[in-house]
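Student: Sharing a structure below in structure tokens format, with a few things to ask.
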Amino acid sequence: MTEATTTDVRTTLDDVVSKATIALFEGAGVTLAKMQAPGSQPTRATIAGLVGFTSDAMRGTLMIASTFAVFAEARPAEVRGEVLSEQVARDWLYLRDWAAELANQLVGRVKNKLFGLGVNLRIATPTALSGGALAVATPKSNRTKPLVFSHPAGEVWVWWDAIIDPDLELRPREDDSQAVGEGDVLLF
Amino acid sequence: MPKIMIVDDSMTVRQQVAAALSGAGFQVVEAVDGEDGLAQIAREKDLALVICDVNMPRLNGLDMLDKLRASDATATLPVLMLTTEGQPEYVMRAKALGAKGWMVKPVKPELLVSAVRKLTGG
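Structure below.
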């Protein structure tokens, strides 16, 4: 396995995570646009959702960070009518909960896509944190770069910080099995 | 009015499901994880359906389903899984444990209500 192949895997992962992030927020009625990362750290993120993952060939952490306003807007339509305020502690609790769930749903989308490419991820339970101006530790993998998306209410930063087996190749499963799609329902 | 329990560690998901189902005429009760779900199921009367996440702290949804099936009192309680998981092995395990269905998040309220109506006859 070569350095070039590992780069191919990371390029594919960035594409998968980017598309999953845009689709996740689109499903909540929030349109994001991929942008060049303006630096290595967000400047306005105040809430982040995190979830760990592992598999035989890849392990790490997904983190999604953004502003109070973006997470508030990305809530499901059924609850979005309740106006939240940065001055109310309970509202930060709501949005930490939602940020954790968004991280969960994002890693789930990526997991389901990677399943079709031969990787079986196991996912930990998500968590979230909030603060005045979140700063992110240096990614464990020195090849991890943030994916950044623009929105009028603030940028969305996503890290797929993974240590990847250099022998990993992403290719469609031979048995063609696919994960059940997002939003789909199966009744038995 | 059929009574539905939603078991999910996300408060926002519980609120979303509760809003969608109560708007459709269902009564909804909530539990925060599998352990809480089992404790509340033991106390609740006349539950028509349990909607249950998979990845939860303390007790995950598939293990909760396993425990429900192991008890005579809850062996036939209908359960619909609502989760981010989509891999066939999880779906097949749920089906083997007697779940009535599998929904992958994000919740689409109209599909959720339709599925719940089919499963409860409500």
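Listed in order, the protein sequences are those of chains E and Z.
Okay, so the first sequence: first residue is 1 according to the working numbering, each after it adds one.
Okay, so the second sequence: first residue is 1 according to the working numbering, each after it adds one.
Yeah, the Cβ is synthetic: ideal placement off N, Cα and C, and Gly gets one too.
All values reported here derive from a predicted model rather than from experimental measurement.
(1) Cα separation between Pro139 of chain E and Asp9 of chain Z?
(2) Pro172 of chain E versus chain Z: which residues are under 7 Å apart at the beta carbon?
(3) With 9 Å set as the bound, which would you pick, yes or no: does the beta-carbon of Gly86 of chain Z sit closer than that to a beta-carbon of chain E?
(4) Beta-carbon of Gln15 of chain Z versus every beta-carbon of chain E: anything under 9 Å?
(5) With 16 other CB atoms within 10 Å as the buried threshold, where does Pro146 of chain E fall?
(6) Among residues of its own chain, excluding the 5 on either side of Pro76 of chain E, which ones have a beta-carbon nearer than 8 Å to its beta-carbon?
(7) Here's the rule I'm using: 16 or more other beta-carbon atoms within 10 Å means buried, otherwise exposed. How should Phe188 of chain E be labelled?
(8) I need the DSSP call for Gln27 of chain Z, collapsed to helix, strand or coil.
(9) What in chain Z is Cβ-close to Trp98 of chain E, meaning under 7 Å?
(10) Could you work out which residues of chain E lie near Leu111 of chain Z, taking near to mean beta carbons separated by less than 8 Å?
(11) Is the beta carbon of Lys3 of chain Z sitting closer than 9 Å to the one on Val32 of chain Z?
(12) What does Val91 of chain Z reach in chain E if we use C-beta pairs closer than 8 Å?
(13) Keeping to the same chain, check which residues put their C-beta closer than 6 Å to that of Gly98 of chain Z; ignore five residues upstream and five downstream.
(14) Between the C-alpha atoms of Glu86 of chain E and Leu168 of chain E, what's the straight-line distance to the nearest angstrom?
(15) When you compare each of Z:Val104, Z:Asp63, Z:Gln16, Z:Glu30 to Leu49 of chain Z by their alpha carbons, which one comes out closest?
Tutor: Here's the rundown:
(1) Linking Pro139 of chain E to Asp9 of chain Z through their CA atoms gives a straight-line distance of about 28 Å.
(2) The premise fails here: Pro172 of chain E is roughly 15 Å from chain Z at the closest Cβ pair, so nothing lies under 7 Å.
(3) yes
(4) yes
(5) buried
(6) Ala28
(7) exposed
(8) strand
(9) Thr12
(10) Gly183, Val185
(11) no
(12) Val180, Leu186
(13) Arg69
(14) 44 Å
(15) Z:Glu30
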